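Following full-length UniProt numbering, the numbering of the sequence shown begins with 1 at its first residue and continues without gaps.
For each residue, glycine too, the CB sits at the ideal point set by N, CA and C.
On a predicted model such as this, the values are computed, not experimentally measured, just so you know.
Shown next, in structure tokens, is the structure this report addresses.
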Amino acid sequence: MVRTPANIRDVAARAGCSIATVSRVATGNGPVSVSMQKKVVDAALTLGFPLAPPSAARRPVLGVLLPSLTNPVFAGALAGIEHCARANDLSIIIGQSNYRADEEMAVIAALIAERPMGLIMTVCDPATSDVFATVTRQGIPAATVYNEGVPDGFGSVSVDNRAAMRELTEKLLNLGHRSILFVGGRFASSDRAINRYRGYCDAMKAAGCQPFAALEVDFIDATEDVDLTAALDKRHPTAIVVSNDLLALTVIASLRRWGLRVPQDVSVTGFDGIDLARHISPRLTTIVQPSRTMGVLAASMVLDIAAGRRHPAHIRADFTFARGETIEEAKPHPRTQSSSSLTNQEPHSHEN
């Protein structure tokens, strides 16, 4: 049985308001309370009704969805988006998902309610996100930044995460490392972590080495801790590749608490190229993404799509390898502590 598409009457009935109120929310003409506006938007999203108004009725703003505002890599992209918005006399509205798919949908609903000219997004995983179907139904021009494998009809700007991590892992293999551990954020929360792990596996297998299972941790900021006890005791890595710079700094701090030196005992690499990583000692070895440029490209694309000047496209940004001071040639893994002492010793606590 073919389902009849929802219409404005259905939205009004579900929201408990008049058709005129739904029309005012869609066009932005006339007063509507915040609570009623939310009811109308929620009803439209649930029913799949395209509430987005014609471009002439949209507000001069860009909506931005990011996983976190504590990770400087996203701040870099945001700076680029804001630069492009200002150059076009637009403002930006920002929401963060905290790396949670359910919060992504809530943020998108809130951004849609603001009647933006377009959306720039970083979602947890394009393969599973419901955001794309929702935005498509609303007819809002949109592009992602950092995500890969984005559906047709959406723009995207990203580096080749898999190729970049493969290159980074090869640098360690060329230094004689064979026991290399991958530490990354939860795969369910980040397609970037998934693709970077695949690149690590590609390099390890090509070198005839067995890749380890990834050590997945919650996305955290640099004030918290990563428990490496089991990995150090079982894998004895001479090098650790980490899925982002902020997490790499935390890994280095954790190694130091176990009495291990970087890079003398264990080499460590990051990914992103955040400014902070250049100012720590030792300076972090990493892959640098042009985050600000990526933000500019994504925002420019959305505005061009909205104006009918171009179709959505997938742009590959260049990445660069930045050798810092956190890697060196492999040495036998230091057994400075017995397995039992590693298991029993407690690192310094870091409360949330």
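- Between the segment 234 to 245 and the segment 268 to 279 there are three or more inter-stretch CB-CB distances shorter than 8 Å, so the stretches are counted as touching.
- Contact check for residue 294 against residue 123 fails: the beta carbons are separated by 8 Å or more.
- For residue 251, the uninterrupted alpha helix (DSSP H) run begins and ends at 245 to 257, by DSSP.
- Judged by beta-carbon spacing, residue 317 lies within the 8 Å limit of residue 290, meaning their Cβ atoms are closer than that value.
- When DSSP states are grouped into helix, strand and coil, residue 117 belongs to the coil group.
- Here residue 285 is bridged, per DSSP, to 269.
- Shown here, residue 95 sits in a strand according to DSSP, grouped into three states.
- Under the three-pair Cβ rule at 8 Å, the segment 164 to 180 does not count as touching the segment 78 to 88.
- Secondary structure of residue 148 (DSSP, three-state): coil.
- Here residue 108 carries a helix assignment [DSSP, helix/strand/coil].
- Comparing C-alpha distances from residue 227 to each of 247, 212 and 211 shows the shortest one belongs to 247.
- Put simply, the segment 300 to 314 touches the segment 105 to 123. At least three CB pairs are less than 8 Å apart.
- Only buried fits residue 252, as 16 or more other CB atoms lie within 10 angstroms of its CB.
- The three-state secondary structure of residue 158, taken from DSSP, is strand.
- Secondary structure of residue 316 (DSSP, three-state): strand.
- By the 16-neighbour rule on beta-carbons within 10 angstroms, residue 199 is buried.
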